[in-house]
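J.: After the structure tokens below, expect a handful of questions from me.
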Amino acid sequence: MQNSPYTSEELAWLIRRDCIEMTHKSHASHIGSDLSCADMLAVLYNEVLRIDSNNPDWSDRDYFLMGKGHASAALYSCLANVGFYSRARLETFYQDGSCMSGHVTKHGNPGIELSTGSLGHALGVGVGLAYAFQKDKRPNRVFVLMGDGECQEGSVYEAMSEAARDGLSNLVVLVDRNFQQGLGDSGDIMPSNAIEKRFLAFSWETHVIKGHDFRALRNSMSLEHKKPLCIVCDTIKGYPISFMMNQMLWHYRFPHEGNEYEGARRELLAYKPEELKNPYAEEDANL
Amino acid sequence: MRDAFVERLIELAREDESIELLTGDLGFGVLRPFKNEFPDRFHNVGIAEQLLIEMATGMAMAGKKVICYSIGNFPVLRCLEQIRNDAVYSDSNVKIVEIGGGYTYGQLGMSHNATEDMAVLLSIPGITIYTPSDKHEAKLVTELMLKQQGTTMLRLERPDSRTIHDDPVLGYKSGDMIKGLSGKGTAVLSYGGISVIAKEVAREKGFAFYSSPMLKPLNEQTIAAELSGYDRVVVVEEHSKRGGLGSIIESMFAGKVKHPIVLKFGLPDEYAPVIGSQDYMRDYVGLSKDKLLEAIGD
Chain A
408 MQNSPYTSEE LAWLIRRDCI EMTHKSHASH IGSDLSCADM LAVLYNEVLR
458 IDSNNPDWSD RDYFLMGKGH ASAALYSCLA NVGFYSRARL ETFYQDGSCM
508 SGHVTKHGNP GIELSTGSLG HALGVGVGLA YAFQKDKRPN RVFVLMGDGE
558 CQEGSVYEAM SEAARDGLSN LVVLVDRNFQ QGLGDSGDIM PSNAIEKRFL
608 AFSWETHVIK GHDFRALRNS MSLEHKKPLC IVCDTIKGYP ISFMMNQMLW
658 HYRFPHEGNE YEGARRELLA YKPEELKNPY AEEDANL
Chain B
12 MRDAFVERLI ELAREDESIE LLTGDLGFGV LRPFKNEFPD RFHNVGIAEQ
62 LLIEMATGMA MAGKKVICYS IGNFPVLRCL EQIRNDAVYS DSNVKIVEIG
112 GGYTYGQLGM SHNATEDMAV LLSIPGITIY TPSDKHEAKL VTELMLKQQG
162 TTMLRLERPD SRTIHDDPVL GYKSGDMIKG LSGKGTAVLS YGGISVIAKE
212 VAREKGFAFY SSPMLKPLNE QTIAAELSGY DRVVVVEEHS KRGGLGSIIE
262 SMFAGKVKHP IVLKFGLPDE YAPVIGSQDY MRDYVGLSKD KLLEAIGD
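These protein sequence lines map, in sequence, to chains A and B.
Take 408 as the starting number for the first sequence in our numbering and just add one per residue.
Take 12 as the starting number for the second sequence in our numbering and just add one per residue.
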């Protein structure tokens, strides 16, 4: 199954390139968070979710909830490239009068199921969806993407407990463990390996994978599971831009005109899948 | 009031299979009739109010109408952000039911007193708030609540044999106040169980009396026009004077040159240093019949 005209590797590249453009033009934060989850989103949307971009309200669709709502640019780009709306809409990101807010909103944006931004809400809502689908024997599955910092919110544990108790085998959590958060390394605040230990302790089926490894991503997301499934994806904040990777600064900073914007684009070009037509070919020609 | 709600809920649940009930580990005995009849539609999420509202939002997104049952402040303040961001913003059929408006649980102390709940919720765009005064209004609004699309809040108190209506309420138009007594000069307005006292006060004084089974949205133009026929409007509420019905009435008249004098009777802007029964606490803050009779004057 492939939901877009692209391979997942190509889709991930487009998401990254769009995010650099969107955050640069709008002076918006969170490029580091966008880049860390781009591969996860690409595989999920391209190969895993049962969705129909021509019919976003299809009753049997899978649901995706973006817990880390600050990575909105990545999700907006992903949905545009999968065909829920035109790529031109991405130019409205962060602009006055636009629907494309800096944190994910469903209003005015087809394909988005839940508005988020305050951390720790999506898993509980996902549990409610999965509970109702299981109860009514409906085929829909529910996927929730959370950040590792987000796993510090208490509400996450209320929802983890409930999911295990209800045996929600139609629920999958993807944790984008990029090891950084707003004010420091997440490992300084909560031991990094606490996430998988906690999900295991709450009786979830839990796996840890490399979050930029496409094979690992697709294999883990297609695992059969009888319990709720948690896939902890070890990622790199800012990946693969050398000066952004693992740098706290890039949680907030946008790629400024000059070395940052040009450098990010130049470095990303080196990763472009050969067959993919770069929609920014003209702008990137002189790099 | 509480039992009337459960009775009506069960009747409606027989007709509408999408109705589900979640509780935050409260409702011992009260919810048993629902659980007995609809065991598959009853679920205790445990002591987890954030999950209560999040899960209800998810279930509502999957097509359910979900009652979220808890007491006092718990289903409002503990999970306020979930109400705002998840339930209301996605226009989900989440039906919050709070037992214990005002000093219903006076002896249990400040933690259990719902005395600012209306102020907080009234400021949230799009939520519908029901505030019945007796069992008849409770039955009426239970039905309205389940027919209303979107997130709603129902503020109830424990069973009380006293009523302000002798019979079931018929012909109610959503957003209106209900005129319970005619009178001249002064109109007394109230909601919740304290309405029984407010109505007695109005009767003894020869004032008009209105109950407000809803606080939001209200048919403000109609209500303002009706109240403009009085010299004084007296609001009696078992809630903070800041941000409740009294404040709504004041806002209705804001900017108008001529309007009735508005007197507000409610809780002061401080927590009581004592506890007590609902009657005791009402008296403590000046909401007993005797104190109201004296304070309102003629």
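Built from N, CA and C at the ideal position, the CB exists for glycine as well.
Treat the numbers as computed from the prediction; the structure is a model and nothing was measured.
With 8 angstroms as the threshold, decide whether the Cβ of Leu-582(A) is near any Cβ in chain B.
T.: In the sequence under discussion, the amino acid at residue 582(A) is Val, which differs from the Leu named in the question. No Cβ of chain B is located within less than 8 angstroms of the beta carbon of Val-582(A).
J.: Looking only at its own chain, which residues have a Cβ that is under 8 angstroms from the Cβ of Asn-685(A), when we skip the five neighbours before and after it?
T.: Arg-424, Leu-676, Lys-679, Asp-691
J.: Just to check my reading of the structure: Leu-456(A) and Val-532(A) have Cβ atoms closer than 8 angstroms, yes? What is that Cβ distance to the nearest angstrom?
T.: Not quite, the Cβ-Cβ distance comes to about 17 angstroms (not below 8 angstroms), so this is no contact.
J.: Does the CB of Lys-634(A) have a neighbour CB from chain B at under 8 angstroms?
T.: no
J.: Just list the beta strand (DSSP E) runs in the stretch 464–540 of chain A, keeping only unbroken ones of 3 residues or longer that don't cross its boundaries, in chain order.
T.: 470–473
J.: Could you tell me whether the Cβ of Lys-275(B) comes closer than 8 angstroms to any Cβ of chain A?
T.: no
J.: Distance check for Ser-440(A) and Arg-660(A), CA to CA, integer angstroms please.
T.: Cα to Cα, Arg-660(A) sits roughly 11 angstroms from Ser-440(A).
J.: Using DSSP's beta-bridge definition, name the partner residues of Arg-166(B).
T.: Glu-109(B)
J.: Can you confirm whether the stretch 559–579 of chain A touches the stretch 615–622 of chain A when touching is taken to mean that 3 or more C-beta pairs between the two stretches lie within less than 8 angstroms?
T.: no
J.: Going along the chain, which residues of its own chain have a beta-carbon closer than 7 angstroms to the beta-carbon of Arg-568(A), five neighbours each way excluded?
T.: It should be pointed out that residue 568(A) corresponds to Ser in this sequence rather than to Arg. Around Ser-568(A): Phe-609.
J.: Please look up how many angstroms separate the CB atoms of Ile-64(B) and Asp-36(B), rounded, as I've assumed it's under 8 angstroms.
T.: Contact flag wrong, Cβ pair sits at about 14 angstroms.
J.: Report the rounded CA-to-CA distance for Tyr-241(B) versus Ile-234(B), giving the unit in angstroms.
T.: 12 angstroms
J.: Where does the unbroken beta strand (DSSP E) through Asp-641(A) begin, and where does it stop?
T.: 636–641
J.: In the DSSP output, which residue or residues are listed as bridge partners for Ala-570(A)?
T.: In DSSP, Ala-570(A) forms no bridge with anything.
J.: Along the chain, where does the beta strand (DSSP E) that runs through Phe-39(B) open and close?
T.: Careful: Phe-39(B) lies outside any beta strand (DSSP E) and carries neither H nor E.
J.: Counting only C-beta atoms, is Leu-62(B) closer than 8 angstroms to chain A at any point?
T.: yes
J.: Compare the Cα-Cα distances from Met-156(B) to each of Leu-192(B), Gly-254(B), Pro-44(B), Lys-76(B) and report the closest residue.
T.: Here the closest residue by C-alpha is Lys-76(B).
J.: Cα-Cα, which of Asp-145(B), Ala-198(B), Arg-173(B), Arg-243(B) is closest to Val-180(B)?
T.: Asp-145(B)
J.: Below 8 angstroms on the Cβ atoms is my contact criterion, and I expect Ala-537(A) with Leu-581(A) to pass it. Report the Cβ-Cβ distance as a whole number of Å.
T.: That belief does not hold up - the Cβ atoms of Ala-537(A) and Leu-581(A) are roughly 14 angstroms apart, past 8 angstroms.
J.: Quick one, are the C-beta atoms of Ala-449(A) and Ala-419(A) less than 8 angstroms apart?
T.: yes
J.: Establish whether the CB of Leu-536(A) and some CB of chain B are separated by less than 8 angstroms.
T.: yes
J.: Three or more C-beta pairs closer than 8 angstroms, one from the stretch 77–94 of chain B and one from the stretch 246–262 of chain B: is that the case here?
T.: With a cut-off of 8 angstroms, the stretch 246–262 of chain B and the stretch 77–94 of chain B do not count as touching, because too few Cβ pairs lie within range.
J.: Hey, out of Trp-465(A), Leu-624(A), Thr-613(A), whose CA is closest to Ser-415(A)'s CA?
T.: Leu-624(A)
J.: In the DSSP assignment, find the alpha helix (DSSP H) that holds Asn-453(A) and state where it starts and stops.
T.: Premise fails: Asn-453(A) is in no alpha helix (DSSP H) and is neither H nor E.
J.: With 16 other CB atoms within 10 Å as the buried threshold, where does Ile-643(A) fall?
T.: buried
J.: Whose Cβ in chain C lies nearer than 8 angstroms to the Cβ of Phe-540(A)?
T.: No chain C appears in this structure, whose protein chains are A and B.
J.: Spatial neighbours of His-54(B) within its chain, please: CB distance less than 6 angstroms, with the 5 preceding and 5 following residues excluded, ordered by chain position.
T.: The answer, listed in chain order, is Leu-33.
J.: For my contact list, Val-108(B) and Cys-79(B) are in at a C-beta cut-off of 8 angstroms; report their separation, rounded to the angstrom.
T.: Their Cβ separation, rounded to whole angstroms, is 7 angstroms, which keeps Val-108(B) and Cys-79(B) in contact under 8 angstroms.
J.: Apart from the five residues just before and just after Ser-599(A), which ones in its own chain have a Cβ nearer than 8 angstroms to its Cβ?
T.: Non-local C-beta neighbours of Ser-599(A) in its own chain, meaning closer than 8 angstroms and more than five positions away in sequence, comprise Asp-555, Arg-584, Phe-586, Ser-593, ordered along the chain.
J.: Around the C-beta of Asp-97(B), are 16 or more other C-beta atoms found within 10 angstroms, so that it is buried, or is it exposed?
T.: buried
J.: Closest to Ser-466(A) by C-alpha separation, out of Ser-443(A), Glu-520(A), Ile-438(A), would be which residue?
T.: Glu-520(A)
J.: Output the boundary residues of the beta strand (DSSP E) element that contains Val-212(B).
T.: In the DSSP assignment, Val-212(B) falls outside any beta strand (DSSP E) and within the unbroken alpha helix (DSSP H) covering 206–216.
J.: For the stretch 506–537 of chain A, list every residue whose C-beta sits within 9 angstroms of some C-beta in chain B, in sequence order.
T.: Thr-512, Lys-513, His-514, Glu-520, Leu-521, Ser-522, Thr-523, Gly-524, Ser-525, Gly-527, His-528, Ala-529, Leu-530, Gly-531, Val-532, Gly-533, Val-534, Gly-535, Leu-536, Ala-537
J.: Is the CB of Tyr-100(B) under 8 angstroms away from at least one CB in chain A?
T.: yes
J.: If you scan the stretch 106–163 of chain B from start to end, which runs of the alpha helix (DSSP H) of 4 or more residues do you find wholly inside it?
T.: 128–133, 146–158
J.: What did DSSP end up calling Cys-426(A) once you bin it into helix, strand or coil?
T.: helix
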